[in-house]
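K.L.:
What follows is a single structure, and I will ask about it in a moment.
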Amino acid sequence: MGEMVVAIDIGTSKICALCGQIGKAGQLETIARSVIPCGGVKKGLIVDMEAVSGAISEAVRQAETGAGIKIGSAYVGVMGMYVDMRANRSSMVNARENREIQGKDIERLLYAARDVALPEDAQILYVIPRQYVIDGYGGIMEPVGMVGVNVELEADIVAGKNMYISNIVSCMSGAGVKIDGLVLSGEALGQMILSREEMEMGVILIDVGGSVTDVSVFKKGRLIMYESVPVGGDHITNDISIGMKMSYAEADKIKKDYNLALTSLIRKDQELYVVDINNNLRKRVVISEIIEVIEARVFEIMSMCKDLLGENKIEFSFGAGVVLTGGGIACFDGNKHIAGEVFRLPVRVFPPRMYGSQRAASLLAEGIVKHVSAAGAGGGGRFGSDVQVLKRRDIRAGGALLRRIVELLKRIF
Ligand SMILES: Nc1ncnc2c1ncn2[C@@H]1O[C@H](COP(=O)(O)OP(=O)(O)OP(=O)(O)O)[C@@H](O)[C@H]1O
Ligand SMILES: [Mg+2]
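Letter by letter, the sequence shown follows residues 1254 to 1666 of the numbering used here.
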């Protein structure tokens, strides 16, 4: 049984906290999960620190109550828009008499690999070792104890924009939770959703969120591109609201009620009455016109994702095609058809319709737990969060204390 890991996903529409561990059969065991709606993030950037900090605190508190634990620290997902991944290598000559490679040699190689030119507003988050090459033999992941003279490390250096990272750090600290490590969301989601074969054959993972769409490309078993486009499901609602002159809330409800992205799938058109935002009068709209707006936006989001591949000079074949996920378009009928038309590749959608919204909303947090447990954040082999298991008595005492505080507040106000 693995150590307990706590993960936090700071998303545009919600904050998710998840506490889990890897079971004996290698499966993820979720001990507690909580999803707190929060609007403090725009285009992936924290814009309302107080709201985000409060939501993290609430999510963690609910997870603590659910699992009967006290959470001191957690891993946090970081998204493609403000992080950058670049390959680098470092090497050393092992002068030791017995030629045995030691842990400190690896530490030195990992440190040397951090020597990359970065923009002024960015900082290195961690180093992902991809392979060690010892005297010309590659594909080695655990070199300590092996014998060799020329030792090389090929690694990916993950760097993040200072402002993005410092906002995460401040919000976590405001919520009283230490950061165990930052994890690339694309890599974590890949662990959760993709099979090993898909990652090997080449696959494009598209996560359409609230205001950002993350695109991760995997090939030969590893993440080779992780980028974002600043458009998501909220833009679809916005288009309906502006295009059809109705309130955002009404547009969002219709979008979620119909869950359709393709006009050609409409068998029989329907009429609806909505309130016109210009004159406050009820007016008639036809569903096919709304679906047309959704179709255009989904098509645009997919095209923008495809353009990213060109910009990053990703030209190899994708044997496993495209995998679509994220609340933004995962529920829409017709999404597969549109993505298939844009990419000219087979498309699969995850999670399936009947998955349950809480589980769907916590996919990334689940992926973080799985990823951290499998590799240790940054491949450093360390994992596990600062979690204190409470005895039943402590939980009850905590509940009683909370009740007393609530009672006190009620009396004051
Ligand atoms: N049933 C539904 N049908 C269509 N869209 C939906 C449905 N439920 C949620 N959405 C949309 O999904 C989006 C939120 O998706 P998700 O929860 O994946 O985003 P997030 O992780 O919070 O955001 P991000 O990844 O951009 O930070 C919102 O735009 C919301 O309107
Ligand atoms: Mg998300």
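All residues carry an ideal CB built from backbone N, CA and C; glycine is no exception. Predicted, not measured: the structure shown is a model, and the values here were computed from it.
1) Give me the Cα-Cα distance between Leu-1577 and Thr-1490, rounded to the nearest whole angstrom.
2) Starting from Lys-1267, trace the beta strand (DSSP E) in both directions and tell me its first and last residue.
3) Could you work out which residue in Val-1546, Glu-1594, Met-1499, His-1488 is closest to Gln-1555 when comparing CA atoms only?
4) Flag this pair as touching only if the segment 1400–1419 and the segment 1457–1465 have three or more C-beta atom pairs under 8 Å; answer yes or no.
5) Met-1257 and Gln-1274 - do their beta-carbons sit closer together than 9 Å?
6) Any heavy atom of ligand 1 inside 8 Å of the beta-carbon of Leu-1271?
7) Under a three-way DSSP split, which group does Ser-1541 fall into?
8) Taking only the alpha-carbon atoms, compute the straight-line gap between Gly-1276 and Val-1259 and give it to the nearest angstrom.
9) Starting from Arg-1475, trace the alpha helix (DSSP H) in both directions and tell me its first and last residue.
10) Ignoring anything shorter than 3 residues, give me the beta strand (DSSP E) runs that lie fully in the segment 1510–1540, in order along the chain.
11) If you check the beta carbons only, do Gly-1455 and Ala-1316 fall under 9 Å apart?
12) For the beta strand (DSSP E) holding Glu-1282, just list the boundary residues, first then last.
13) Whether or not the segment 1431–1450 and the segment 1290–1306 are in contact is what I'm after, with contact meaning three or more pairs of Cβ atoms, one per stretch, closer than 8 Å; do they touch?
14) Among all residues, which have a Cβ less than 5 Å from at least one non-hydrogen atom of ligand 2, and in what chain order do they fall?
15) Decide if Leu-1513 is buried, meaning its Cβ has at least 16 other Cβ atoms within 10 Å, or exposed.
16) Which class does Ala-1408 belong to by DSSP, given the choice of helix, strand or coil?
17) What is the residue span of the alpha helix (DSSP H) that Gly-1593 lies within?
18) Indicate whether the contact test is met: 3 or more Cβ pairs, each with one atom in the segment 1328–1337 and one in the segment 1398–1413, closer than 8 Å.
19) What are the boundary residues of the alpha helix (DSSP H) that includes Gln-1315?
20) Would you report the Cα separation of Tyr-1479 and Glu-1395, rounded to the nearest angstrom?
21) Cβ of Asn-1512 within 8 Å of any heavy atom in ligand 1?
22) Please check the pair Met-1499 and Val-1528, which I expect to be a contact at CB under 8 Å, by giving their CB distance rounded to whole angstroms.
23) Under three-state DSSP, which class holds Gly-1439?
24) So what does DSSP say about Lys-1498, is it helix, strand or coil?
25) In the DSSP assignment, find the alpha helix (DSSP H) that holds Asn-1420 and state where it starts and stops.
P.N.:
So, to answer that:
1) 19 Å
2) 1267–1275
3) Residue identity check: residue 1555 is Met in the sequence provided, not Gln. When only C-alpha atoms are compared, the closest one is Glu-1594.
4) no
5) yes
6) no
7) helix
8) 15 Å
9) Taken as a continuous stretch (DSSP letters only), Arg-1475 belongs to no alpha helix (DSSP H), being part of the beta strand (DSSP E) at 1475–1482.
10) 1524–1528, 1535–1539
11) no
12) 1281–1290
13) no
14) Gly-1264, Gly-1462
15) buried
16) strand
17) 1588–1596
18) yes
19) 1302–1320
20) 26 Å
21) yes
22) 6 Å
23) helix
24) coil
25) 1415–1427
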